[in-house]
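Heads up, the thing below is written out as structure tokens.
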Amino acid sequence: MTPTASRLPLAFKLAYTAFVAVLVPTYWHHYGPGNFLYFCDLALLITGVAIWLESAVLVSACAVGILVPQVLWMLEFLLTGLGWPITGMTAYMYEPSIPWFTRFLSFFHFWQPPVLVWLLWRLGYDRRGLAVWWPIGWAAMTASYLWLPPPPAPPDQPGLPVNVNFVFGLDGQGSQTWMPPHLYFCLLLVALPALLWWPSHWLLSRLPALKRPHP
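So the mapping is simple: my numbering equals the position in the sequence shown, first residue as 1, plus 814.
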């Protein structure tokens, strides 16, 4: 039996894996393990598995979960650089006490979306992606709410992950105060699937270019 030809270049798989192999210990050292509960970091790791398995469903799950948030991260980064931050989520990128190389690694937020779109084009969009991402997202949010601290980060630890996935509010400098914390968290559990994940799934599942794999 002739083995199935790989749909992804080996050089790409090796380069992606090498990047992750550098990022994980660096982030772990400077930010701690809680940083890997961020949706973007989870998606980075899951994509690393997906490219070796050439799994359309795992790539699709990551696309559903983080394509829109990554665009918002990029916008926030640019606005923060201009002095107009919205949520403060990218303030750490301008924090001189965090090593420049650690911050440089975070520029994966810029190339992660086009890489995911390219992977979807190569592998095709799998409609099961939403069902896979939903429990992953909820689990990450619950862990962030129960075990990670609310904002702000302490002055002596500006890179400490706080308010991960916005479970305490939309402001990185303090928790929201306009409703009880548990109620806000429950509403967020509903809002993210309804306003981000399902619409992303709906759009991706209807793009003709993603309906089938491409060599």
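Here a beta-carbon is modelled for each residue, glycine too, at the ideal position from N, C-alpha and C.
- Around the C-beta of residue 936, 16 or more other C-beta atoms lie within 10 Å, and the residue is accordingly described as buried.
- At least 8 Å separates the beta-carbon of residue 928 from that of residue 885.
- Cβ-Cβ distances below 8 Å link residue 1027 to 821, 870, 936, 937 and 938 in the same chain, with the five nearest sequence neighbours on each side left out; the list follows chain order.
- Under a 10 Å Cβ-count criterion, residue 901 is classified as buried, with 16 or more other Cβ atoms of the shown protein chains found around its own Cβ.
- Going by DSSP, residue 890 is part of the alpha helix (DSSP H) stretching over 870-895.
- By the Cβ criterion, the region 838-847 is in contact with the region 907-924, since at least three pairs of Cβ atoms, one from each stretch, lie closer than 8 Å.
- Sequence-distant Cβ neighbours of residue 839 in its own chain, meaning closer than 8 Å and more than five residues away, do not exist here.
- Membership of residue 855 in the alpha helix (DSSP H) is indicated by the continuous run 853-867.
- Shown here, residue 948 sits in a helix according to DSSP, grouped into three states.
- Assigned with DSSP and collapsed to three states, residue 929 falls in helix.
- Taking a C-beta distance under 8 Å as the contact criterion, residue 851 and residue 957 qualify as a contact pair.
- With contacts defined by Cβ atoms closer than 8 Å, residue 1012 and residue 944 form a contacting pair.
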